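Trainee:
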Ligand code: UDP
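Below is the structure:
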C-alpha cells in the first residue's frame, strides 16, 4: 500500500492517505517531545522501536479480541491502519501512582492503587491536556454516553491484558495512555502503545524503561526502549 498525501504531522508521527480511503499509513518519527512539546530532541531509532513495539502490542490485543486500527506493519517505521475519526480524549489507565497523579492526590510515586484508575484528558497541548469528566465530554459533544461506556470497558480489558503480558516479561505496567476513534460505526483503539505513552518499570530493579528517562534527563533512553523490544521479541 503506497503513501499518497500527508494528512497530518504530529509530534511523533506522520499520517498519510493511501489509494484506499479506508486505510492510512502511520510513519513513526525519531522526534521525542515532553511537557506539551517544550522539550524536544531527535533520538535516533526511536521511531523504529515504537513501530515494532506498538505492532506487537496491537497484534496481541487483536488476538485477544480487542478491535484496533492496526492492519499490518509495513516496514521499519511504518504501519498500515484503518482510517479513524479520532475522539480527542486521552484515556489514561493507572495501576501504580506516578507522574501528575502523585502531585494531584499527594501519594508517593510507586504506590500501588487498590484498583485501576481511568482518567480522561482533553487532547490539547495549549491547554495542557486538562482532565475531563463525563459532563464536560457530553457538553463539548466529544463522545456519546454509550461510546464512553464502551471505551471504558475496552480500556480496562486492554489494561488487564497488557499488565499480564508485561508481567511475563518482568516489566511492571505502571500506567499508559490510549486513544480511540470511530471507524464505520465501530470504536477502535488507535494511535500507538509504546514506551512514549506507557510507564514501564523493570519488575526486579524498578528501573524506568520509558519516556520518563527523557523527561527527567536520566540518559540511556534508547537503550531502555531497545530492552523493552528485546524482551517482547523473546531474545534473551
Ligand atoms: N501520557 C501520554 N501523553 C500525554 C500525557 C501522558 O502518552 O500527553 C502517558 C504518560 O507517558 C504516562 C501516562 O500517560 O504513561 C500518565 O501520564 P501523566 O498523566 O502522569 O502525565 P505526565 O506526568 O507523564 O505528564
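In this note's numbering, the protein residues as written are 884 to 1119. Glycine residues also receive a C-beta, built at the ideal position from the N, C-alpha and C atoms. Bear in mind that the values here come from a model prediction, so they are computed numbers and not experimental data.
(1) Give a yes or no on whether the C-beta atoms belonging to residue 894 and residue 920 are separated by under 8 Å.
(2) If residue 1053 sits next to residue 1085, beta carbons under 8 Å apart, how far is it from one beta carbon to the other, in whole angstroms?
(3) Can you tell me whether DSSP reads residue 1051 as helix, strand or coil?
(4) Using alpha carbons as the reference points, say which of 949, 905, 1098 and 1074 lies closest to residue 1037.
(5) Based on Cα-Cα distance, which residue from 913, 996, 938 and 1028 lies nearest to residue 927?
(6) The alpha helix (DSSP H) that contains residue 1066, what's its start and end?
(7) Is residue 1058 near the ligand UDP, in the sense that its beta carbon is under 7 Å from a heavy atom of that ligand?
(8) Are the CB atoms of residue 1070 and residue 1059 nearer to each other than 8 Å?
(9) Less than 7 Å separating the Cβ of residue 993 from some heavy atom of the ligand UDP?
(10) To which residues of the same chain is residue 1012 closer than 7 Å at the C-beta, ignoring the five residues directly before and after it?
(11) From what residue to what residue does the beta strand (DSSP E) around residue 1070 run?
(12) Do three or more CB pairs link the region 1022–1040 to the region 902–913 at distances below 8 Å?
(13) For the structure I just gave you, are there three or more beta carbon pairs, one from the region 982–993 and one from the region 1023–1030, closer than 8 Å?
(14) When the distance is taken between beta carbons, is residue 917 closer than 8 Å to residue 1097?
(15) Which word fits residue 1010, buried or exposed, when buried means at least 16 other C-beta atoms lie within 10 angstroms of its C-beta?
(16) My guess is that residue 1002 and residue 975 are in contact by the Cβ rule of under 8 Å, so how many angstroms apart are they, rounded?
(17) Is it buried or exposed for residue 966, if we count other Cβ within 10 angstroms and need 16 for buried?
(18) Exposed or buried, which one is residue 1055 when buried takes at least 16 other CB atoms within 10 Å?
(19) The ligand UDP and residue 958: does any heavy atom of the ligand fall closer than 7 Å to the residue's C-beta?
(20) In terms of residue numbering, what span does the beta strand (DSSP E) encompassing residue 997 cover?
(21) Can you tell me which of the three DSSP states residue 1015 falls into?
(22) Compute the Euclidean distance between the alpha carbons of residue 1090 and residue 1110, then round it to the nearest angstrom.
(23) By DSSP's criteria, residue 977 is part of a beta bridge. Which residues make up the other side?
(24) Taking Cβ to Cβ, would you say residue 937 is nearer than 8 Å to residue 1076?
Mentor: So, to answer that:
(1) yes
(2) 7 Å
(3) Looking at residue 1051 - three-state DSSP - the assignment turns out to be helix.
(4) 949
(5) 913
(6) Careful: residue 1066 lies outside any alpha helix (DSSP H), inside the beta strand (DSSP E) at 1063–1066.
(7) yes
(8) Going by beta carbons, residue 1070 and residue 1059 fall outside the 8 Å limit.
(9) Incorrect: residue 993 has no Cβ contact closer than 7 Å to the ligand UDP.
(10) In the same chain as residue 1012, and ignoring 5 residues on each side of it, the C-beta atoms closer than 7 Å to its own belong to 973, 1004, 1005 and 1006, in chain order.
(11) For residue 1070, the enclosing beta strand (DSSP E) covers residues 1069–1072.
(12) no
(13) no
(14) Cβ distance < 8 Å, so residue 1097 and residue 917 count as in contact.
(15) exposed
(16) 4 Å
(17) buried
(18) buried
(19) no
(20) 995–1005
(21) coil
(22) 12 Å
(23) 1000 and 1058
(24) yes
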